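Reviewing the structure listed below.
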Amino acid sequence: MRDVVFYEEMGPKIRCLVCIRRCLLSEGSLGYCGNYMNSGGKLVNVGYGIISAHESRPIEIKPLFHFYPGSTAYTFSGFGCNFACPWCQNHHLSKIYPSAGLGHYIAPNAIVRYAELAGDQGLCASFNEPAIHLEYISGVFEIGRKKGFYNVMVSNGSYTREALDRLIDSGLDAVSLDIKGCVEAYRRFQAIPDPFEVLKNARYALSRGVHIESVFLVVTGANDSPECIKWVIDKHIEYLGVETPLHINRYHPAYRYWEKPTSMETLLFAYRYALERGVHYVYIGNILETRYMHTYCPSCGHAVLKRSHYGLIKADLTDRNRCSKCGYRIRVVGKIYV
Ligand code: SF4
Numbered sequence: 087m088r089d090v091v092f093y094e095e096m097g098p099k100i101r102c103l104v105c106i107r108r109c110l111l112s113e114g115s116l117g118y119c120g121n122y123m124n125s126g127g128k129l130v131n132v133g134y135g136i137i138s139a140h141e142s143r144p145i146e147i148k149p150l151f152h153f154y155p156g157s158t159a160y161t162f163s164g165f166g167c168n169f170a171c172p173w174c175q176n177h178h179l180s181k182i183y184p185s186a187g188l189g190h191y192i193a194p195n196a197i198v199r200y201a202e203l204a205g206d207q208g209l210c211a212s213f214n215e216p217a218i219h220l221e222y223i224s225g226v227f228e229i230g231r232k233k234g235f236y237n238v239m240v241s242n243g244s245y246t247r248e249a250l251d252r253l254i255d256s257g258l259d260a261v262s263l264d265i266k267g268c269v270e271a272y273r274r275f276q277a278i279p280d281p282f283e284v285l286k287n288a289r290y291a292l293s294r295g296v297h298i299e300s301v302f303l304v305v306t307g308a309n310d311s312p313e314c315i316k317w318v319i320d321k322h323i324e325y326l327g328v329e330t331p332l333h334i335n336r337y338h339p340a341y342r343y344w345e346k347p348t349s350m351e352t353l354l355f356a357y358r359y360a361l362e363r364g365v366h367y368v369y370i371g372n373i374l375e376t377r378y379m380h381t382y383c384p385s386c387g388h389a390v391l392k393r394s395h396y397g398l399i400k401a402d403l404t405d406r407n408r409c410s411k412c413g414y415r416i417r418v419v420g421k422i423y424v
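According to the working numbering, the residues represented by the sequence shown are 87 to 424, in order.
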């Protein structure tokens with residue numbers, strides 16, 4: 087267990103201020119995510135350092151396509167989640183509380199040591215929602231930054247502003263950010279984060295120098311109407327700008343949601359709409375075809391970064407990240423490993 091600073095006293099109860107759920111907790115009760123508890127009028131993290139999975143993975147799998155392309159990040163996760171998407175692809179980790187007795191404790195410096203031994207360039211909090219492991223992840227990131235690693239997260243973007251500041255101050259460099267759908271999908275399912283809160287957080291992180299790539303999982307029957315797709319893409323542009331990469335991902339049935347996988351027609355509709363609206367870097371993920379995973383120069387259309395599932399296989403840029411054909415400056419953060 088670890089004491090937490092982000093809470094406020096509310097009479098005999100306390101309110102957790104780690105994520106936008108802001109759970110109100112009576113003595114001895116756990117929050118929605120199963121990681122934070124009211125213990126003696128203080129907020130404690132009962133899942134601190136209880137790790138469900140850890141391994142070295144390519145940065146492209148996050149997906150982050152414009153951040154240290156071709157590098158690998160030591161990736162780790164805990165248990166639980168602060169939301170309950172019915173189609174969760176990682177429900178075997180996100181729907182289990184740390185108190186279940188699975189996983190084992192790994193100290194923050196040990197995670198960084200694993201990354202060193204694996205020869206990775208970065209660290210990544212992923213698989214379940216990192217926001218609910220705020221203290222642990224901040225600790226890993228602080229150690230990682232001192233040792234020269236980059237720090238990234240795959241997240242639903244639902245932190246409070248205080249928690250987000252803490253993560254950025256600890257050394258957060260990039261986020262692969264899920265935008266779960268439009269307002270209609272949010273109202274219908276209630277189990278996904280408010281898209282406006284997520285977008286505001288993303289815009290704020292961007293303003294503080296964090297690299298962001300949006301991921302829109304297009305789920306059959308949930309957020310795949312033309313209106314919903316257009317709304318998500320329009321908001322991506324409004325809040326994050328056309329230079330921020332957008333990943334349009336195919337859903338596959340999982341957990342409690344069994345509609346058929348997203349049709350290629352729907353994915354292509356979203357892909358083309360995003361390009362028509364001027365988004366510079368658009369991708370389709372979770373499909374067999376690799377041509378939608380390449381980075382094309384927004385100016386001349388040349389394939390400047392070529393990928394296969396999910397690794398970088400070729401870079402055709404100058405040493406200043408300019409297209410080798412027309413000289414257009416391609417948005418890439420960090421060194422390219424190919
Ligand atoms: S981090 Fe957990 S306990 Fe805290 S507000 Fe979010 S869901 Fe509730």
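Glycine included, C-beta positions come from ideal geometry on N, C-alpha and C.
All values derive from a computational prediction rather than experimental measurement.
Can you name the start and end residues of the alpha helix (DSSP H) that residue i belongs to?
i: MET379; result: Unbroken run through MET379: none, as it is neither H nor E.
i: VAL305; result: Neither: VAL305 is in no alpha helix (DSSP H) and is coded neither H nor E.
i: GLY295; result: It is not in any alpha helix (DSSP H) - GLY295 carries neither H nor E in the DSSP assignment.
i: ARG336; result: No alpha helix (DSSP H) contains ARG336, which is instead part of the beta strand (DSSP E) from 332-336.
i: ILE323; result: 312-326
i: ARG350; result: Here residue 350 is Met; the residue named in the question, Arg, does not match the sequence. Taken as a continuous stretch (DSSP letters only), the alpha helix (DSSP H) holding MET350 covers 350-362.
i: GLU94; result: Looking at the DSSP string, GLU94 is not in any alpha helix (DSSP H); the run it does join, the beta strand (DSSP E), is 93-96.
i: ARG408; result: From DSSP, ARG408 is part of no alpha helix (DSSP H); its letter is neither H nor E.
i: ASP255; result: 247-256
i: VAL269; result: 269-275
Within the present structure, is the beta-carbon of residue i separated from the nearest heavy atom of ligand 1 by less than 7 Å?
i: ARG377; result: no
i: ASN121; result: yes
i: ARG252; result: no
i: TYR118; result: yes
i: VAL104; result: yes
i: ILE370; result: no
i: ASN214; result: no
i: ILE218; result: yes
i: ARG107; result: yes
i: ASN124; result: no
i: ASN168; result: yes
What residue does the beta strand (DSSP E) around residue i start on, and which one ends it?
i: GLY397; result: 397-401
i: GLY371; result: 368-371
i: PRO172; result: Premise fails: PRO172 is in no beta strand (DSSP E) and is neither H nor E.
i: ARG231; result: No beta strand (DSSP E) contains ARG231, which is instead part of the alpha helix (DSSP H) from 220-232.
i: LEU144; result: One point to set straight first is that residue 144 is Pro, not Leu, in the sequence displayed. Segment 139-144, the beta strand (DSSP E) holding PRO144.
i: ILE106; result: No beta strand (DSSP E) contains ILE106, which DSSP labels as neither H nor E.
Per DSSP, which residues does residue i bridge with? Please list them.
i: PHE153; result: VAL419
i: SER427; result: This structure does not reach residue 427, given that the chain is present from 87 up to 424, and the question cannot be answered.
i: VAL261; result: MET239 and ILE298
i: SER394; result: GLY397
i: ALA211; result: PHE162 and MET239
i: ALA389; result: TYR382
i: ILE100; result: GLU95 and LEU111
i: ILE136; result: TYR191
i: ARG88; result: ASN131
i: ALA340; result: TYR343
Mind reading off the beta-carbon distance from residue i to residue j? Whole number of angstroms is fine, and I expect it under 8 Å.
i: GLY230; j: LEU209; result: 4 Å
i: PRO281; j: VAL269; result: 6 Å
i: VAL419; j: HIS297; result: 5 Å
i: ILE100; j: ASN124; result: 5 Å
i: PHE213; j: LEU179; result: 5 Å
i: ILE315; j: VAL328; result: Not really, about 17 Å apart at Cβ, beyond 8 Å.
Q: Evaluate contact between the region 354-370 and the region 145-159, counting only Cβ atoms and requiring at least three cross-stretch pairs below 8 Å.
A: Judged by pairs of C-beta atoms under 8 Å, the region 354-370 touches the region 145-159, as three or more such pairs exist.
Q.
I want to know whether the region 133-146 touches the region 399-408 - three or more CB-CB distances under 8 Å.
A. Contact fails: fewer than three Cβ-Cβ distances are below 8 Å.
Q: Answer yes if the region 181-190 comes into contact with the region 313-333, meaning at least three C-beta pairs across the two stretches below 8 Å, and no otherwise.
A: The region 313-333 vs the region 181-190: no contact.
Q) Does the pairing of the region 171-180 with the region 337-345 give three or more beta-carbon distances under 8 Å? A) Yes, the region 171-180 touches the region 337-345.
Q.
Three or more C-beta pairs under 8 Å: does that hold for the region 87-100 against the region 122-129?
A. Touching, per the Cβ criterion.
Q. Between the region 194-214 and the region 156-164, do three or more beta carbon pairs fall short of 8 Å?
A. The answer is yes - the region 156-164 touches the region 194-214, with three or more Cβ pairs under 8 Å.
Q. Do the region 285-296 and the region 243-259 meet, that is, are 3 or more Cβ pairs less than 8 Å apart?
A. Result yes; three or more Cβ-Cβ pairs closer than 8 Å.
**Q.** the region 345-360 contacting the region 383-398, beta-carbon criterion three pairs below 8 Å
**A.** Touching, no.
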